[in-house]
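Reading through the structure tokens given below for one structure.
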Amino acid sequence: MSNDALPVDSRIQSLLARMTLEEKAGQLGVFADMVRPFAPDVNPETNMRNAAQVLDDVRAGRVGTLFNGVGAAQGRQIQRVAVEESRLGIPVLLAADVIHGMRTVFPIPLGEAASFEPELAERTARATAVEATAAGLHWTFAPAVDVARDQRWGRGAEGAGEDTLLGCAFAAARVRGFQGDDLRAADALLATPKHFAAYGAVAGGMDYNYVEISDGTLHDVHLPPFKAALDAGALTVMTAFNDINGVPASANQALLTGVLRGQWGFPGVVVSDYTADMELVAHGYAEDDRDATLRAFTAGMDMSMQSGFYAAHLPALVESGQVPLPLLDAAVGRVLALKAAIGLFDDPYRSLDPAREADASHLEAHEALAREAARRSIVLLKNEGGVLPLAGGQRIALVGPFARDLDNIEGCWTLFGDRTRYVSLEAGLRAGLPAEASLQVVDGCGLETALEGGIEAAVAAARAADVVLLAVGEPQRYSGEAQSRTRIELPPAQQALAEAVAATGTPVVVLLRNGRALALEGAVRDAQAILVTWFLGSQTGHAVADVVFGGYSPSARLPVSFPHASGQQPYFYNHPRTGRPETPQMSEFKARWREYPNTALYPFGHGLGYGRIEYGPVRVDAPVLEWDGALKVRATVRNVGACMAEEVVQLYLHDRVASRVRPVRELKGFRKLALAPGQSCEVVFELDRGQLAFTRADGSFGAEPGRFEVWIAPSAAAGEPAGFELLQPPA
Ligand code: GLC
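This is the structure in structure tokens:
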């Protein structure tokens, strides 16, 4: 990341020279777009300002960015006021939370991460950018790149799961997709990796809670996806609500200035999360609003969202000398440079073309991409007796509260989806039904409540069917912001339905709807087959039908561990060994629970297809890795099944002895490949000591010589390792 990514050129310098303190503070304010309000207000406070006041603020130069409004025509109205009626004519930035789709809704990011195809996420982000910029937006507050190791936290749905390497790959892909190749293009959408930092590590999985983590975990687990996003060209970062070891992220100088600017050379803009500066008072980190403003701004937070604190207090703080004028000018300069980088000073009306909005409002290509992304995100956990794919001529009972549902299709943080185009499970299955097959649909229960006669109707349908598709899971409102759960199970009414349907003896295929890993119990866990379908977006029904009827062999893998029980949280695959790891021979006085071992029911990286894949032994080309050398690791993978299948071949590493205890396994590479029946492929990965590096006990970052184990396997719990030794650095 070089500083010339945002040249503060002479035009900006001359603007700065003419701006008043109030106008400078105004450029650092981000407010809800009450000129173009969308229906639900997902942010915690309904903005009391109305459209006329917002336009007055724009005219007076008191606001530089509006968010969460859409519409090209009204966007032009706002921009005209900024450019033609304000004193200096500085264009406004128009932003929104466009997380996984705009009018066309793609799978939740956690679902897309299951594809293990960052290039797919890049494509869906690009399609999202086309639709969002057509609708009058310049900037999205995405991707969320928080590493989520505790499934009780509701916002794992917005990220790429529990693994850092996968998180880095998807963070970079989504930034590239949103921003495209030319930031000045009308369809380029500024990206914002969020929430900086370690928001996914909130204690107890409770949203907004405190975060206590070591420096090593912060730097090795939670920060790398942000660095990957910035290296991919992101020019804005959003701060997190939580504190980190007692210092709130939004006033954390060590992070916002020390790491972002000092270590990473980030030239871009740091924007707060919604009223995060105001919340410094609630945290007990600031005396009052003015103190909160001083602490957030001097720590390195350039823009303040929704609180109004910067307009209210920065001019006085500069006049009092508490905030040096050069610090203010630097922040304002970055914001103006950001606007220049996307061409707003040359074409303030870019992305504000109502004709283009109309053209982009329903693109068949995006529907097709939504269907492709959705089916490539579905994980097949089990398939006993090859019950899937369903054959023609079968009597199928589709049972459960998600069978016909269209209110739980899109997943969290979908603000602008075109609901008229959503495809329910029933609609998709009916459209794809094989010849002579029949489909009976019974809700059986509500999302959280029993239905009068529901179970009886479901049991009758199950008895009359050859197979039941059981559509159960979490209501959409159970994941996303402020949706932490103490128990990550199905609602009891749905579990009761599952038990009754399974008791009929008709084979059950679970179609799970979920925004996190769930603790599967009883008849759901014991079903003949389980498909994890996340929240798949607009094309849900067609995508599920593609997999269920064999049009597509499921190829996704778990980006989060599915535990045996809620009580295991936080559970993640790359945990330390402990001094008392359980062994096949010994469980007493070992690191485990009374009820369960220290394992997952379904591990990170797990997933099946309709082929049958076998792995040969992993081999290293040499028993040693020279300090400055490279080492090839290889294994042969073969499809011994009768169907084409795609396999996600995963490379894992374990550092046997180190100055800080290391994870039992860490993902160091993955490759998704298609294998025809009978086809085999030798997969080769190359290791060097850069991939062995970690934050050592002395705080330095690097590898340590010694013994390592390496796997090439289908999940974080499969396969046998090979060994090698990293040699000492040359004298
Ligand atoms: C929310 C979220 C953040 C979002 C912002 C603006 O509270 O934490 O992800 O971008 O406010 O809506």
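Under our numbering, residue 961 is the last one in the sequence shown; the count climbs by one each step, no gaps. Using N, Cα and C, we set each Cβ at its ideal position, and we do this for glycine too.
Item checked: Host beta strand (DSSP E) of lysine 862 (start-end) -> 860-869
Check: If we ignore side chains and look at the alpha-carbon of each, how far apart do alanine 433 and alanine 479 end up?
Finding: 15 Å
Check: In whole angstroms, what is the alpha-carbon distance linking glycine 676 and glutamate 656?
Finding: 16 Å
Notebook entry, point to check: Can you give the Cα-Cα distance for alanine 312 and aspartate 286, rounded to whole angstroms?
Noted result: 10 Å
Check: Looking at glutamate 939 and the ligand GLC, is the gap between the Cβ and the nearest heavy atom below 7 Å?
Finding: no
Check: Sorted by chain position, which residues of the same chain lie with C-beta nearer than 8 Å to glycine 623's C-beta, five sequence neighbours on each side aside?
Finding: Pro664, Ala665, Glu666, Ala667
Notebook entry, point to check: At which residues does the beta strand (DSSP E) containing serine 297 begin and terminate?
Noted result: Checking the sequence shown, residue 297 turns out to be phenylalanine, not serine. Note, phenylalanine 297: beta strand (DSSP E), 295-297.
Next item on the list: Return the CA-CA distance between threonine 276 and arginine 266, expressed in angstroms with no decimal places.
Entry: Confidence in threonine 276 is poor, its pLDDT being 48 and thus under 50, which makes the residue's placement too unreliable to answer from.
Checklist line | 8 Å contact criterion, which serine 607 and alanine 875 should meet: CB distance rounded | finding: Incorrect: roughly 16 Å between the Cβ atoms, too far for contact.
Item checked: Neighbour-count burial assignment, valine 870, 16 or more Cβ in a 10 Å radius -> exposed
Note to self: Please state whether the Cβ-Cβ distance between leucine 957 and leucine 922 is less than 8 Å.
What the structure shows: no
Notebook entry, point to check: Would the beta-carbon of asparagine 298 be found less than 7 Å away from any heavy atom of the ligand GLC?
Noted result: yes
Next item on the list: Kindly confirm or deny that the stretch 716-732 and the stretch 561-574 touch, where touching means at least three C-beta pairs closer than 8 Å.
Entry: no
Check: By Cβ distance below 7 Å, which residues in the same chain neighbour isoleucine 242 in space, the five residues on each side in sequence not counted?
Finding: Gly563, Leu566, Ala567, Ala570
Next item on the list: Go ahead and pull the three-state DSSP assignment for phenylalanine 539.
Entry: helix
Note to self: At the level of alpha carbons, what is the spacing between glutamine 813 and valine 894?
What the structure shows: At residue 813 the sequence reads threonine, which differs from the glutamine that was named. Between threonine 813 and valine 894, the C-alpha separation is close to 13 Å.
Next item on the list: Go through the stretch 477-557 residue by residue and report every complete run of the alpha helix (DSSP H) that reaches 4 residues or more, in order.
Entry: 509-513, 519-529, 539-549
Check: Does the ligand GLC have even one heavy atom less than 7 Å from the beta-carbon of phenylalanine 371?
Finding: yes
Next item on the list: May I ask you to check if the CB of tyrosine 832 is nearer than 7 Å to at least one heavy atom of the ligand GLC?
Entry: no
Notebook entry, point to check: Taking Cβ positions, are threonine 295 and valine 322 nearer each other than 8 Å?
Noted result: yes
Next item on the list: Mind listing, in chain order, the continuous beta strand (DSSP E) runs of no fewer than 3 residues lying wholly within the stretch 669-737?
Entry: 697-703
Margin query: the ligand GLC and glutamate 711: does the residue's C-beta get closer than 7 Å to at least one heavy atom of that ligand?
Written below: yes
Check: Which of helix, strand or coil does DSSP assign to threonine 466?
Finding: strand
Next item on the list: Could you pull out every residue in the same chain whose Cβ sits closer than 6 Å to the Cβ of leucine 855, ignoring the five residues on either side in sequence?
Entry: Leu861, Phe954, Leu956
Note to self: Just to confirm my understanding: we take proline 337, look at its own chain, exclude 5 residues before and 5 after, and list those with CB closer than 6 Å. What are they?
What the structure shows: Ala603, Ala604, Ser607, Trp764, Leu766, Gly767
Note to self: Considering only heavy atoms of the ligand GLC, does any lie closer than 7 Å to the CB of aspartate 327?
What the structure shows: yes
Next item on the list: Check whether the stretch 495-505 touches the stretch 515-524, counting contact only when three or more Cβ pairs, one atom from each stretch, lie closer than 8 Å.
Entry: no
Check: Mind checking whether the beta-carbon of tyrosine 782 lies closer than 7 Å to any heavy atom of the ligand GLC?
Finding: no
Checklist line | Enclosing beta strand (DSSP E) for alanine 326 [first to last residue] | finding: 323-326
Item checked: Contact test: histidine 449 Cβ vs the ligand GLC heavy atom, cutoff 7 Å -> no
Notebook entry, point to check: Hey, quick one: how far does the alpha helix (DSSP H) through cysteine 873 stretch, first residue to last?
Noted result: Element bounds for cysteine 873: n/a, residue is neither H nor E.
Note to self: Using CA atoms only, rank isn't needed, just tell me which of Ser444, Thr466, Asp576, Ala403 is closest to asparagine 423.
What the structure shows: One point to set straight first is that residue 423 is proline, not asparagine, in the sequence displayed. Nearest of Ser444, Thr466, Asp576, Ala403 to proline 423, Cα basis: Thr466.
Check: Quick one, are the C-beta atoms of valine 375 and glycine 397 less than 8 Å apart?
Finding: yes
Note to self: As an exercise, report each continuous alpha helix (DSSP H) stretch of at least 4 residues that is fully enclosed by the stretch 335-378, in chain order.
What the structure shows: 339-343, 348-364
Check: Who are serine 910's beta bridge partners in DSSP?
Finding: Arg868
Notebook entry, point to check: Which word fits valine 377, buried or exposed, when buried means at least 16 other C-beta atoms lie within 10 angstroms of its C-beta?
Noted result: buried
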